[in-house]
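Data first, discussion second: the structure below is written as structure tokens.
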Amino acid sequence: QKEVEQDPGPLSVPEGAIVSLNCTYSNSAFQYFMWYRQYSRKGPELLMYTYSSGNKEDGRFTAQVDKSSKYISLFIRDSQPSDSATYLCAMTVSSYGKLTFGQGTILTVHP
Amino acid sequence: NAGVMQNPRHLVRRRGQEARLRCSPMKGHSHVYWYRQLPEEGLKFMVYLQKENIIDESGMPKERFSAEFPKEGPSILRIQQVVRGDSAAYFCASSPPLSKGDTQYFGPGTRLTVL
């Protein structure tokens, strides 16, 4: 069993839809949770960074962490074609330690 | 403020040759991490370095791979005697000193192709 599980998709939605992406994990020691966006043949770009359980909102993006269920989510409101990318969840035990990534979910937002 | 820089962006090597990948962290960042991304797979941690020190190399293959982050200059990931299975995208990330508590920011990657 992988430490971090993420449905690779692909996920295809119409423009303006609400997108829900999620990851589950098995290591209860994870404390810091991140979402990265990766466009084709580019480096991962940090979207959201949260510590422990709770919600965090930044523009059209909302990250949720439920440590009791070992489940994290990323919601994208009013999705745009420019949101089409691979979304990677990542987590770590300490703020300066190695990141453990999910496999990534491929998202396509069509006009 | 320049981000994480990696060079070369693309590298082609024949089997048995050496590959050297370079990473310059963001200004003010003193921690460097290397990750590898194989086709159709997520990123896998390889090594974590601070200046002149390897902090965690638990993800590094035991043979042929080495990394350094000297006092002056970029971090180097070195792969000796490359094999076709080494073909992948190699990403470097950096983060600020511990006191500033922040996460990792990634460079554009080096795509290694072994012929």
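Line by line, the protein sequences are chains A and B.
Once you know that position 103 of the first sequence is 107 in the working numbering, the rest is easy, because the numbers rise by one and skip nothing.
Once you know that position 111 of the second sequence is 99 in the working numbering, the rest is easy, because the numbers rise by one and skip nothing.
Don't be surprised by glycine CBs; every beta carbon is placed ideally from N, CA and C.
In this structure, A:Thr28 sits near A:Glu9, with a CB-CB distance shorter than 8 Å.
At least one CB atom of chain A sits nearer than 8 Å to the CB of B:Glu29. The beta carbon of A:Gln42 sits closer than 8 Å to the beta carbons of Pro48, Glu49, Ala89, Thr90, Tyr91, Leu92 and Gly108 from its chain, once the five residues preceding and following it are set aside; these are given in chain order. Residue-level contact check: A:Gly106 touches chain B, since one or more beta carbons of chain B fall below 8 Å from its beta carbon. In the three-state scheme derived from DSSP, where H, G and I count as helix and E and B as strand, B:Pro49 is classed as coil. When Cβ-Cβ separations below 8 Å define contact, A:Lys71 makes no contact with chain B. Buried is the label assigned to A:Lys102, since at least 16 other Cβ atoms lie within 10 Å of its Cβ. When rounded, the separation of the alpha-carbon atoms in B:Asn41 and A:Thr104 is 22 Å. Listed along the chain, the chain A residues whose CB falls inside 7 Å of the CB of B:Gln92 are Leu103. Across the structure, A:Phe34 and B:Gln25 are spaced so that their CA atoms are roughly 22 Å apart. Apart from sequence neighbours up to five positions away, the residues of its chain that approach A:Met52 with a beta-carbon distance below 7 Å are Met38, Trp39, Lys60, Asp62, Phe65, Ala67 and Leu78, ordered along the chain. Counting only unbroken stretches of 3 or more residues, the beta strand (DSSP E) elements lying wholly within the segment 27 to 97 of chain A are 36 to 42, 49 to 55, 58 to 62, 65 to 70, 75 to 80 and 89 to 96, in sequence order. If you draw a straight line from the Cα of B:Met14 to the Cα of B:Gln(-6), it is about 11 Å long. Not a single C-beta of chain B is nearer than 8 Å to the C-beta of A:Pro18.
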